[in-house]
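Residue numbers (UniProt numbering): 1 to 190. Every residue, glycine too, gets a C-beta built ideally from N, C-alpha and C. Input: a single structure, listed below in structure tokens.
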């Protein structure tokens, strides 16, 4: 674990590290947006439940917090952001599996930076996240009242699918994620 954390080639570059970085990311996303409709996107956000073995009460006083009733398994709520090429540009796994994406997102240090992006830049996510000027989410079915709303959802989904693809690539490349991880809880959050 220490060797991985110390390897510069494996560093993940934050989408908010500089204005130049944000513009590069935005240009890349614009190139995959049909007719370059959505400009200014610097990342796609989502959560993923990483299955783990149930922790012991010595490791985690509230073992039930790690159980996701939705997925019917123990896990960690992994929040991540990726670029247009499905490369992760940030992640956080500080929340147990029972915690929903909106709460896990608020616990992530990068969330403050995302919510304070300069005008003209934003991230995209699904409806589990809070809508803001710098975090765009799709209209839900009840909100779709015109073609403009459904068109917006279409263009947004063209970008947002990148995070789904990134998680799919991760799990298929690293088959270890297809079964419950044996987690040493002292390493969680590193």
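(request) Throw me the rounded Cβ distance for the residue 43 and residue 123 pair, which I believe falls under 8 Å. (result) Between residue 43 and residue 123 a beta carbon distance of about 5 Å is seen, short of the 8 Å cut, so the two are scored as contacting.
(message) Taking 6 Å as the limit between beta carbons, can you name the residues of its chain near residue 83, skipping five residues before and five after?
(response) The answer, listed in chain order, is 25, 89.
(message) Measuring straight from C-alpha to C-alpha, what distance separates residue 37 and residue 174?
(response) Between residue 37 and residue 174, the C-alpha separation is close to 34 Å.
(request) On a CA-only basis, which of 126, 142, 67, 162 is nearest residue 105? Give me that one, please. (result) The candidate whose alpha carbon is nearest that of residue 105 is 126.
(request) Tell me whether residue 102 sits in a helix, a strand or coil according to DSSP, three-state version. (result) Residue 102 falls in the helix class under three-state DSSP.
(message) Counting C-beta neighbours from all protein chains within 10 Å, is the total for residue 77 16 or more, i.e. buried, or is it exposed?
(response) Residue environment analysis places residue 77 among the buried positions, since at least 16 neighbouring C-beta atoms fall within 10 angstroms of its C-beta.
(request) Label residue 101 either buried or exposed according to how many other C-beta atoms from any shown protein chain fall within 10 Å of its C-beta, with 16 as the threshold for buried. (result) With 16 or more other Cβ atoms within 10 Å, it is buried.
(request) State yes or no: is the C-beta of residue 198 within less than 9 Å of the C-beta of residue 118? (result) Nothing can be reported for residue 198, as the shown portion of the chain is limited to 1 through 190.
(message) For a test of the three-state rule: what should DSSP assign to residue 93, helix, strand or coil?
(response) Look at residue 93 here: in three-state DSSP terms it is strand.
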